[in-house]
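See structure below.
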Amino acid sequence: MKISNLNIYLILLSCLLGGRLQAQRVTGTIYERNETGKKSTLVGVNVFWGGTSLGTITDSLGKFDIARSAKTNRLIISYIGYKTDTIKVLAESNFDVIMKPEGQLGEVVVRGTSSQIDRLNPIQTEIITTKALAKAACCNLSESFETNASVSVSLSDGVTGAKQIQFLGLGGQYVQTNVENIPNIRGLGTTFGLNYIPGTWIQSIDIGKGAGSVVNGYESLTGAINVELVKPDAREKLYFNAYVNNFGRGEVNFNVNKKLNERWSTGILSHASTLQTRVDNNGDGFLDMPLYTQLNAVNRWQYKSDKMMAQFGVKALYENRLGGQVGFRENMRGTSQAYGFGNTTRRVEFFSKTAKMYQDKPYKGLGFIVNGLNHTSDSYFGFSNYNARQQTLYANLIYQSIIDNTNHKFTTGLSYLLDDYNETYKDIHRMRTESVPGAFFEYTYNYLDKLTLVAGIRADAHNLFGAFVTPRMHLRWQPFEHTTLRVSAGRGQRTPNALAENYGYLVSQRWVRFVDELRPEISWNYGASLTQTFHLFEKHWDVVLDYYRTDFQNQLVVDTDHADDLAAHLYFYNLKGKSFSNSFQAELNGLLSKRTEIKLAYRLFDVWQTMGQPVNDVRLMARMMIPRDRVLFNIGYTLPYDKWKADLTVQWNGKARINDPLQSLEATLDKKSMPILYSQAYTNVNAQVSRAFRKFEVYLGGENLLNFKQPNPIINAQDPFGKYFDAGQVWGPIVGRMVYAGIRIKVKD
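Under the numbering used here, the residues of the sequence shown are numbered 686 to 1434, in order.
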């Protein structure tokens, strides 16, 4: 059998996602036909052997790869909104399947939902498809997790509009967030980086829990999120999206993909958004959302030949933000007429991926990734200035092959990371240059897709902190037909960026002090998960239970619990004692009917950290701003041919520990134990309905429909230049109910 160049390239790049190669496998591509009769691929399609739980889903290019079953030759292919296909697999082992819109169903066993658990990946991985992204406005990456139980996103403060992830009980800086397997949202990018990836650019999102693969580096402490962008050879030749909400925020996105000839194709992803309406719904005198303008674009090129495949391109972003008191104007900067916030970010990035192909040995591959970044951010908070610059170079050389046979695979290679930081805040000037060459080796053993073991190790030589070793292990075991167990363990290390990662606390009159010379954050993550599949009334259901624990050997402690008679404080120091996070999640998802999918999840965080070093009052305390409990319910209904779609999401968020500088001051001066204050629990309801026509789709939705608003999100807002002013204690929504509408126009090949 002759394997296409595209398949070889995908096999090569699968090493970046922990893919598996083995003998006697069935591969293929799943397509749909558009109105003109031309084909385009489908992402997240269920592919499994009839009567078994052995299955997989198609990747971001519509490809699947599954081992043959000894029990049956019936391969079932199903996807919500399409007719289920059954293929009898005989001698052929590569298929192109064209799915038809839903009509009279034949042999239906399973229906696909909009988010999927990767059944064969030893790392617990959920894939968010374009169908899930379309359930909400999804204007950028920060708004792409509305229907996901594992990842939650919240505001970091009440002024800047910066957002942050919470994952396994810890902040987003502990998650390695990649764009097409290139580390991206890190360093200075952690401040506003979630807003820098428009939703219309996203093709799919992989969410992996626990220590990730050593192939992608050592910075994954709690998990890895990988975002796949729309490719130059995507099914949409033209894609236009316009969005507006009742607060005056407007967005326009325009994607263009063009195949130039048999080998070359190119694409442009563009985005422009702005908000120029001054909104103060809670009447505290501060803008609930900063005014902003963002311009963002990517140009990429793709080349394919019999011997090589390459992608390269450039990204550019400009964003300006203005916030603070309602009456503040730019010409008041540096005066006491009104408190103001401003930020200007400029970001330029280039990337390149090259793959050498071995047509006679499809299990073998060589890939090289290069990425360069220049990021500048200039900010002010009242009288305080924060100016920062980051320059980064990342390179990864990856080689993949087998040992004796395809049940034994290995991936090895070399990497290099160069980070150069220059930050100035008030009278604090911090400079750091990190140069980190490294090498890695990862072994994968696969036995009939019943057992998969991935054991990896990497060694890195850090110019500032010395050499260190990162071991990681993942095991997937299917003891019974419908039961899958996963366990994982691994070490992670990262250098903290204290100011950029705690940007929201700078919107205050706190006295910032670095108590220690900061050391790398080091942790061990351990996890286990159980996935149980069952059928009820001929409908497919999944129950997923998982538990993960992160133990820190060292951690940056961000201490906001102390004050004196001069000011509230913001202390940064190294961990002295214990710090850990326990995360438990239970999730049920499946199909109530062939057109109705449902998800119900409960998540519990138990997160503690030793604090109090600066005042010699060391104690183990619950981490700030992390809700202990969260419940998510999502239900979606789709009419045939996706003509009408309706979606409802209800989130209940439990209480979180917070503090009040005034009360902390009283407790500190009286030498009494610090008060433990908690936020209130609240419920957030989002809904959306959309109507598809022949060439376009319109949608109407609302967020925070119960109109819940956190009372007093800004402490001492009436005296922003006073010593107890603090906007960094935000734990809930600020602006209240939001209604939006938009249109999507797609022109396919």
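For glycine and all other residues, C-beta sits at the position ideal for the given N, C-alpha and C.
Residue i classed as buried or exposed, judged by whether at least 16 other C-beta atoms fall within 10 angstroms
i            : result
residue 1148 : exposed
residue 1251 : exposed
residue 1258 : buried
residue 1326 : exposed
residue 733  : buried
residue 1146 : exposed
residue 1060 : buried
residue 1118 : exposed
residue 882  : buried
residue 934  : buried
residue 888  : buried
residue 746  : buried
residue 1223 : exposed
Pairwise C-alpha distance: residue j and residue i
i            : j            : result
residue 1209 : residue 1176 : 5 Å
residue 1199 : residue 1244 : 11 Å
residue 1086 : residue 1094 : 6 Å
residue 1115 : residue 1294 : 26 Å
residue 1340 : residue 965  : 25 Å
residue 1007 : residue 873  : 19 Å
residue 726  : residue 716  : 4 Å
residue 1410 : residue 1066 : 12 Å
residue 1019 : residue 1032 : 26 Å
residue 1400 : residue 848  : 19 Å
residue 938  : residue 1045 : 42 Å
residue 1231 : residue 1267 : 11 Å
residue 864  : residue 1420 : 30 Å
residue 1122 : residue 1178 : 14 Å
residue 1075 : residue 1029 : 14 Å
residue 1191 : residue 1104 : 23 Å
residue 977  : residue 845  : 10 Å
residue 1396 : residue 1371 : 21 Å
residue 701  : residue 803  : Any reading at residue 701 must be qualified, since the residue scores a pLDDT of 37, below 50, and its modelled position is unreliable; no value is offered.
residue 1183 : residue 983  : 29 Å
residue 756  : residue 741  : 17 Å
For residue i: DSSP bridge partner residues
i            : result
residue 1096 : 1085 and 1127
residue 1167 : Paired residue(s): none; residue 1167 is not in a bridge.
residue 770  : 762
residue 1119 : 1104
residue 1253 : 1248
residue 993  : 1041
residue 1284 : 1274 and 1319
residue 927  : 937 and 1428
residue 1062 : 1030 and 1073
residue 862  : 910
residue 1001 : 982 and 1033
residue 1203 : In DSSP, residue 1203 forms no bridge with anything.
residue 953  : 941 and 984
residue 1388 : 1423
residue 748  : 714
6 Å Cβ shell around residue i - same chain, five flanking residues per side excluded
i            : result
residue 1144 : 1124 and 1154
residue 891  : 810, 812 and 911
residue 1415 : 840, 842, 843 and 1398
residue 1304 : 1297
residue 1285 : 1273 and 1318
residue 931  : 1424
residue 1057 : 1035 and 1078
residue 1300 : 1247
residue 1004 : 979 and 1030
residue 1107 : 1074 and 1116
residue 1504 : Shown here, the chain extends from 686 to 1434; a query on residue 1504 therefore has no answer.
residue 1383 : 1376 and 1428
residue 823  : 829 and 884
Sequence-distant residues of its chain with Cβ nearer than 7 Å to residue i (five each side left out)
i            : result
residue 1081 : 1054, 1098 and 1100
residue 1023 : 1009, 1010, 1012, 1013 and 1017
residue 773  : 758 and 759
residue 818  : 829, 884 and 887
Residues of its chain near residue i, where Cβ-Cβ distance is below 8 Å and the 5 sequence neighbours each way are ignored
i            : result
residue 1368 : 1335, 1336, 1337, 1338, 1391 and 1393
residue 922  : 941, 942, 943, 1432, 1433 and 1434
residue 836  : 830, 850, 851, 852, 892 and 910
residue 1239 : 1204, 1205, 1206, 1207, 1259 and 1260
Short CB-CB distance (under 9 Å) between residue i and chain C
i            : result
residue 1047 : No chain C appears in this structure, which consists of one protein chain only.
**Request:** For the segment 1159 to 1173 and the segment 1132 to 1142, state whether three or more C-beta atom pairs, one from each stretch, are separated by less than 8 Å.
**Result:** Touching, per the Cβ criterion.
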